[in-house]
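Numbering-wise, the sequence shown is residues 1 to 200 according to full-length UniProt numbering.
Worksheet: one structure, shown below.
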Amino acid sequence: MGFTARPAVCIVGVLLAAALFLAAPAAAEGEWDAPESCATPVSVEAACRGASDTHHGVDYDHCVRSLNADARSADASASAGIHGLAVLATRIAVDHAASTEAKIEDLAELEAEGADRARFDHCLEQYGGAADLLRDALDNLQAKVYGLAMQQLMAALGASRSCEDAWRGAPPRAIPVAAHDREYERLAHIAIGFTHAAAK
Numbered sequence: 001m002g003f004t005a006r007p008a009v010c011i012v013g014v015l016l017a018a019a020l021f022l023a024a025p026a027a028a029e030g031e032w033d034a035p036e037s038c039a040t041p042v043s044v045e046a047a048c049r050g051a052s053d054t055h056h057g058v059d060y061d062h063c064v065r066s067l068n069a070d071a072r073s074a075d076a077s078a079s080a081g082i083h084g085l086a087v088l089a090t091r092i093a094v095d096h097a098a099s100t101e102a103k104i105e106d107l108a109e110l111e112a113e114g115a116d117r118a119r120f121d122h123c124l125e126q127y128g129g130a131a132d133l134l135r136d137a138l139d140n141l142q143a144k145v146y147g148l149a150m151q152q153l154m155a156a157l158g159a160s161r162s163c164e165d166a167w168r169g170a171p172p173r174a175i176p177v178a179a180h181d182r183e184y185e186r187l188a189h190i191a192i193g194f195t196h197a198a199a200k
């Protein structure tokens, strides 16, 4: 299913820790904790396939393209497996939420008047809140508190829909943040799919 053997460095680390334990004085007996098990490496392709099979919001090709475009993906998948990819996907979603918020601010300053100003303000509020939720989810992911991280990721997902709802009634071409909304939603779905897999 796309999984590879544990990296040699992980195996060597476990053997070295065991050797040091055996060489330690008998007085230290009972004070040694076994090292944490190494993460099972998983390729970006395997992780995206699993996420797309279980979450309708994850598009396989977009998932692979988005993760492979980030130089951190190879290290994340090799050293921390699906957990590392879930953390990375959430970081990417945080970055996109923050950049979308900045883009909305720029657009609001350039062209917002009257009703449009209120729409932009609504979107700014939504993406600011989403970015905060995603950062909290990232903290919980790193602590492997997957249930709470999932709740926060799901809550952050609503920002794009709420932003687009503010533009309801305007011609489709007139929604200046539509492309950003769609991309944010797709990236958030990837983070949710990977987190769900990591929690198993």
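Beta carbons are placed, not taken as given, at the ideal position from N, Cα and C, and that holds for glycine.
query, result
"Could you check whether the region 85-96 touches the region 131-142, counting it as contact only if at least three pairs of C-beta atoms, one from each stretch, sit closer than 8 Å?", "yes"
"Name the residue from D106, G84, D53 whose alpha carbon lies nearest to the alpha carbon of T40.", "G84"
"According to DSSP, is V145 helix, strand or coil?", "coil"
"Rounded C-beta distance between A58 and I190? I'm assuming under 8 Å.", "Ala is not the amino acid found at residue 58; the sequence shown has Val there. Yes, V58 and I190 are in contact; Cβ-Cβ is about 6 Å, under 8 Å."
"Specify whether the region 152-164 and the region 120-127 touch according to this definition: at least 3 beta carbon pairs, one from each stretch, less than 8 Å apart.", "yes"
"Mind checking which residues open and close the alpha helix (DSSP H) that includes V64?", "60-68"
"Quick check: the Cα distance between M150 and A118, rounded to an integer number of angstroms?", "31 Å"
"Measuring alpha carbon to alpha carbon, tell me which of A51, A86, T54, D116 ends up nearest V145.", "A86"
"Just how far apart, CA to CA, sit S43 and H55?", "18 Å"
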